[in-house]
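Residue numbers (our numbering): 19 to 139.
Glycine included, every Cβ here is placed at the ideal spot set by N, Cα and C.
All remarks here apply to the structure that follows.
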Amino acid sequence: MKPVSEGRLASALEKVRQRSATNQPAQTPKEIVIKVDRELRRLRLSDITYLEAYGNYVKVWQGDTMLLASSTLKKLLAELPAQAFTQIHKSFVVRNNAVIGKDSGSVLLNNQVRLKVGKSF
């Protein structure tokens, strides 16, 4: 290991402290903007129950209401906070707080919808 002077070490540590103090933690988004019927809609993440893949579209379920978004599930999943949403099947992403029960092959959501869990998820 190469010797380092105390002055250089102190300077480097001070730079690290300054950078970490100025870096604000990333805020978790509370809303998402999706394209529905050629217009942009803003949805609160807390209103989304689950997402369902539908070809090159995504069915966004808010309780019993469905919006058809012009996006793929993969693209939409990349915009969602990972700590709030989980992909449980190649076709389904659920909001973690919406899950009220689960068994070996499915999850039960707070709107009484039961979704299948994929083998690799």
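Legend entry - Assigned secondary structure, R56 (DSSP; H/G/I helix, E/B strand, else coil): Working through the sequence shown from its first residue, we reach residue 56 at position 38. In the structure shown, R56 sits in coil (DSSP, three-state: anything other than H, G, I, E or B).
Inset, instruction - Please confirm if the stretch 66-78 is in contact with the stretch 24-39, defined as three or more CB-CB distances below 8 Å between the two stretches. - result: no
Inset, instruction - Please classify V34: does DSSP put it in a helix, a strand, or coil? - result: As a working note, residue 34 is residue 16 in the sequence shown. Three-state DSSP puts V34 in a helix.
Legend entry - Contacts around W79, its chain only, beta-carbon distance under 6 Å, and the 5 residues preceding and following it disregarded: Along the sequence shown, read from residue 1 onward, the residue named residue 79 stands at position 61. T67 and Y68.
Legend entry - Proximity winner among L86, S122, N115 and V111, relative to A96 (alpha-carbon distances): Position 78 of the sequence shown, counting from 1, holds the residue named residue 96. Ranking the options by Cα distance to A96, first place goes to V111.
Legend entry - Nearest candidate by alpha-carbon position, reference K92, set L127, T83, P21 and Y75: Sequence index remark: in the sequence shown, residue 92 carries index 74 (1-based). Looking at the Cα atoms, Y75 is the closest of the given residues.
Legend entry - Buried or exposed by the 16-neighbour rule on C-beta atoms within 10 Å, applied to L27: Translated into positions along the sequence shown, residue 27 becomes position 9. It is exposed - the Cβ of L27 has fewer than 16 other Cβ atoms within 10 Å.
Inset, instruction - Report the residue from Q36, N129, I52 and L58 whose alpha carbon sits nearest the alpha carbon of R113. - result: Against the sequence shown, residue 113 aligns to sequence position 95. Minimum Cα distance to R113 is reached at N129.
Legend entry - Buried or exposed by the 16-neighbour rule on C-beta atoms within 10 Å, applied to L133: Here residue 133 is taken as the residue at index 115 of the sequence shown, counted from 1. So L133 counts as buried.
Legend entry - C-alpha distance - L61 paired with E49, whole-angstrom precision: The sequence position of residue 61 within the sequence shown is 43, counting from 1. The sequence position of residue 49 within the sequence shown is 31, counting from 1. Roughly 5 Å separates the two Cα atoms.
Legend entry - C-alpha gap between L98 and S88, whole angstroms: In the sequence shown, residue 98 corresponds to position 80, counting from 1. In the sequence shown, residue 88 corresponds to position 70, counting from 1. Approximately 16 Å, taken between the alpha carbons.
Legend entry - Status (buried if at least 16 other CB within 10 Å, exposed otherwise) for A71: As a working note, residue 71 is residue 53 in the sequence shown. Buried is the call here.
Inset, instruction - Report the three-state DSSP secondary structure of G25 (helix, strand or coil). - result: Position 7 of the sequence shown, counting from 1, holds the residue named residue 25. Reduced to three states, the DSSP call for G25 is helix.
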